[in-house]
Amino acid sequence: MAKTKTPQAIRGTQDIFGAEAESFAFVVETFERVRKLYRFRRAEMPVFEKTEVFARSIGETTDIVSKEMYSFEDRGGESLTLRPEFTAGIARAYLTNGWQQHAPVKLATHGPLFRYERPQKGRYRQFHQIDAEIIGAAEPQADVELLAMADQVIRELGIEGVTLHLNTLGDGDSREAWRAALVEHFRSVKDELSEESQERLEKNPLRILDSKDRRDQRFVADAPKIDDFLTDEARSFFDAVTSGLDAAGVKWVRAESLVRGLDYYRHTAFEFIPDEGSAAADALGSQSTILGGGRYDGLIESLGGPSTPAVGWAAGIERLAMLVGEKGEEPASLMVVVESDAAAVREAGQKVLNTARRVGIDSEMIATGSPRKRYDKAVKSGAAAILSLSDEDGRIAHRLKGDDEALARLDPLFNAIAESMSASPQT
RNA sequence: GCGAUCGUAGCUCAGUUGGUUAGAGCGCCGGUUUGUGGUACCGGAGGGCGGGGGUUCGAGACCCCUCGAUCGCCCCA
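With the first letter of the first sequence counted as 1, position 326 gets the number 340 in my numbering; the numbers rise by one all the way through.
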């Protein structure tokens, strides 16, 4: 018979197991715990939407929409897209379910996202994020609340050497005036810019500000600053955010060239970035931002809703998991070793095992393989306590081993153990 | 979309300038030793070298294509 070929996993997807999966779970569990402290409400959305949900919110013409979304047609010929981010889907859900009645509403979610991109370190076609949004709140206090939560999530994950980089893009008028000034500034030195930035000048001039190319950085230093274009309202909004963060004890630095590419962003923009030379920076390679977001007051309108202020962030679970270190799988609290193939011995072991689990003691049984090597396997597993059961001349013999602390936990089990001992093995 | 590096047993890898039946460690299975024990020893199963084509008397090693991985560029919602 011809050997059938095992299908390969889809490019850019990952199978997560063992220590890595434990780190992944730790990130999600920490996020869930902190999100409850801040009273964010859980939301679940479909992983796919009509393509227009993302296309309209992101902008039809961008590279993102044309090349980097995972889109396909369903059987009815409708264009669908696997969600590349949470925000647009949440906004759609907010509108179609009348969540406006709860506004302002704090929402948290997490799950898989999809982008049709070339995989590299910390970047996959299916990846996972945690996400928090506050919809319907125009006041700077919402930004502060959201950022305080992000900061606490990172701290409770035990991630060190990461700093909040903060900027403001101002309101619509501020942003437009600034953008125009930037275009003028860079156009005057166009020929000296990198090829990429000459392109960006037309398509996305703000992006020139965070170019990695030396040739560009010379001109970034003396580029027009957003601060010179802020309206009084925009300035006082930003001041309120920063003083709120100070009051909340969240450390931040001003990052004047931090921008968000899409037009609907207003006011606050931020990223948590590993400090230069930190262990975190080394671990992440060129994909350095671990959490990013901002205020997107224009997004919900672009989906046909009422003008609605909102602010949110998202963070890649895989990247966070890389930074929380190994979360090894815990050895069992109790390992039951059946050192005999007699049915009564195995059944005695099963009885203890069941009792242990019912009283909340995680436990596992070893009853296969070479009998004489079963105990060795248990020792190797690092279990806190080991109960071995054997058949000695027709009676069940048992030995319990472990340190005092481990044995104290097993107290509720002693009756069950004694009871199983009363049975006698059949030979 | 572009570039660089890489792809050999379940895992980590070694395989000289192409040459007889493809190797090690770990893991797994079995046995011996020990006998209250994570030891040591012996043995076993398991791959035909990502896939396809080519060069050659002969290719895991060279060439082409393809798939995938890794890292970087572009992009980054």
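All C-beta atoms in this analysis are idealised placements derived from N, C-alpha and C, irrespective of residue type, glycine included.
| Item | Value |
| --- | --- |
| CB of V41 within 7 Å of CB of I287, strictly | no |
| Proximal residues to V79 (C-beta, below 6 Å), its chain only, five neighbours per side dropped | A69, I72 |
| Beta-carbon proximity list for L215, same chain, < 8 Å, skipping 5 on both sides | V197, F200, R201, K204, L207, I222 |
| Three-way DSSP call (helix, strand, coil) for I375 in this model | coil |
| Extent of the continuous alpha helix (DSSP H) run through R280 | Counting along the chain, R280 falls outside any alpha helix (DSSP H), though it belongs to the beta strand (DSSP E) covering 280-288. |
| Validate contact between the segment 121-134 and the segment 54-70 using beta carbons, cut 8 Å, 3 pairs | yes |
| S80 - containing alpha helix (DSSP H), residue span | 77-81 |
| Reduced DSSP category for S402 - H, G, I as helix; E, B as strand; rest coil | strand |
| Start and end residues, alpha helix (DSSP H) containing G385 | Strictly speaking, residue 385 in this sequence is Pro, with Gly absent from that position. Residues 385-395. |
| C-beta contact flag for I173 and L337 at 7 Å | yes |
| Residue interval of the beta strand (DSSP E) (run including H412) | 409-416 |
| Option nearest A254 by Cα separation, candidates E159, L127, F243 | E159 |
| 7 Å Cβ cutoff met for L161 and V264 | yes |
| Neighbour-count burial assignment, T369, 16 or more Cβ in a 10 Å radius | buried |
| Pair within 7 Å by beta-carbon distance, L94 and F62 | yes |
| Which residues DSSP lists as bridging Y310, in chain order | According to DSSP, Y310 bridges with nothing at all. |
| Expected contact under 8 Å - CB spacing of Y84 and F128 to nearest Å | 4 Å |
| Element boundaries [alpha helix (DSSP H), containing P154] | 154-170 |
| Minimum length 4: unbroken alpha helix (DSSP H) runs contained in the segment 22-71 | 33-51 |
| Run of the beta strand (DSSP E) containing R268, from where it starts to where it stops | 266-268 |
| Beta-carbon gap between I410 and A357 smaller than 7 Å | no |
| Under the three-state DSSP convention, the category G291 falls into | coil |
| Local conformation of N181 per DSSP, three classes | strand |
| Distance, D390 Cα to Y130 Cα | 48 Å |
| Exposed unless 16 or more other CB atoms sit within 10 angstroms - verdict on V67 | buried |
| Cβ pair G175, S300 closer than 7 Å | no |
| Extent of the continuous alpha helix (DSSP H) to which W192 belongs | 186-201 |
| Residue of F86, K239, R89 minimising C-alpha distance to W192 | K239 |
| Identity of the residues DSSP links to T123 by a beta bridge | D145 |
| C-beta contact flag for V359 and V350 at 7 Å | no |
| DSSP bridge partner residues for V176 (one or two, in chain order) | P288 |
| Distance, R371 Cα to D355 Cα | 23 Å |
| Assigned secondary structure, A151 (DSSP; H/G/I helix, E/B strand, else coil) | coil |
| Selected residue, minimal CA-CA separation from F38, among A381, R333, R388 | R333 |
| Delimiting residues of the alpha helix (DSSP H) encompassing G258 | 246-262 |
| Where the alpha helix (DSSP H) containing G103 begins and where it ends | 101-110 |
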